[in-house]
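Report on the structure given below.
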Ligand code: NAD
């Protein structure tokens, strides 16, 4: 697996769920980190200090709001100022909203496109000059099975995730001769706060009980009938950071229990 000692990674949305697992996996491999995301300041400081204590790396926190291009550029600049370079960028922050398209609140559409798609563009735009100059880089975008297939009532999320798959391919082609890879990981359902939070809305939109949403909607899509774990997703990201993965670029890597094979 990858040894990342001396490398720096920026992981957006790393105060929870999959992003937190990415942060722990990269720190475990020796990378210094810029963590980012929303949450209670005391909890975030506990996470930051815990990563330093558990893995002996240096970790700084950027409060950048993924809705704001200038703050995203500043998050990357913080990494470059603190550590001299940003070698790995994981675009992971994301939100979800479930509603019939005709009732979909316009501000929710705008926020999902901004946080789940445009923020990755802003981050990539900021890290690429340094990565090109140094001739090494890894850009990993958390997409979703919804980058390949759709579900009803998730129009903004599906549009953003299809968009991120396209952005991944385009950036990969631009950077192919610079030692920089760009890939996306497409998990199926991973048990995180994001999934837990959408259960009440799905219950309402489809008129189902909580158990029916879990078994008939969420795990219905996944032939293995099991949730993906955050650590499994993080392990794939770690592999993509290794030299063994240097010829994987522009790929959309599914980890969805067979969902998109159907
Ligand atoms: P989560 O809700 O546990 O974590 C989301 C993270 O994004 C949090 O750290 C949150 O603070 C951060 N975030 C949200 N809005 C932000 C903003 N404006 N600025 C900065 N940070 C912000 O969710 P998760 O399930 O870990 O999701 C992480 C990524 O994985 C998302 O892109 C999501 O679409 C994707 N994904 C999740 C699943 C799943 O089943 N959980 C499946 C496929 C893809």
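Numbering (my numbering), first residue to last: 292 to 553.
All C-beta atoms in this analysis are idealised placements derived from N, C-alpha and C, irrespective of residue type, glycine included.
Taking residue 555 as part of the beta strand (DSSP E), name the residues at either end of that continuous run. The shown model of the chain, from 292 to 553, leaves out residue 555, and the question about it has no answer.
Beta-bridge partners of residue 327, as assigned by DSSP: Residue numbering aside, residue 327 sits at position 36 when the chain shown is read from its first letter. For residue 327, which the question treats as bridged, DSSP gives the partners 353.
By Cβ distance, which residues of its chain are closer than 8 angstroms to residue 309, with the 5 residues on each side in sequence left out? If you number the chain shown from 1, residue 309 lands on position 18. Once the five neighbours on either side are set aside, the close Cβ partners of residue 309 are 383, 433, 478, 481, 483, 521, 524 and 525.
Quick one: residues in its chain with C-beta nearer than 8 angstroms to the C-beta of residue 371, no 5 flanking neighbours on either side, listed in chain order? Numbered from its first residue, the chain shown carries residue 371 at position 80. Taken in chain order, the residues that qualify are 377 and 421.
Look up residue 300 in the DSSP assignment and give the residues it is bridged to. Within the chain shown, residue 300 is the residue found at index 9, counting from 1. DSSP lists 324 and 379 as partners of residue 300.
Bridge partner(s) assigned by DSSP for residue 483: Position 192 of the chain shown, counting from 1, holds the residue named residue 483. Paired residue(s): none; residue 483 is not in a bridge.
Can you tell me the Cα-Cα spacing of residue 311 and residue 304, whole angstroms? As a first step, residue 311 must be located in the chain shown, where it is residue number 20. As a first step, residue 304 must be located in the chain shown, where it is residue number 13. One C-alpha to the other measures close to 8 angstroms.
Quick one: grab the DSSP three-state call for residue 515. What you label residue 515 is simply residue 224 of the chain shown in a count that begins at 1. In the structure shown, residue 515 sits in coil (DSSP, three-state: anything other than H, G, I, E or B).
Collapsed DSSP secondary structure at residue 373 in the structure displayed: As a first step, residue 373 must be located in the chain shown, where it is residue number 82. For residue 373, the three-state secondary structure derived from DSSP is helix.
Answer yes or no: do residue 374 and residue 323 have a C-beta to C-beta separation smaller than 8 angstroms? Here residue 374 corresponds to residue number 83 of the chain shown, with the count starting at 1. Here residue 323 corresponds to residue number 32 of the chain shown, with the count starting at 1. Their beta carbons are under 8 angstroms apart, which means residue 374 touches residue 323 by this criterion.
Where residue 545 falls: helix, strand or coil (DSSP): Here residue 545 refers to the residue found at position 254 of the chain shown. In the structure shown, the three-state DSSP call for residue 545 is strand.
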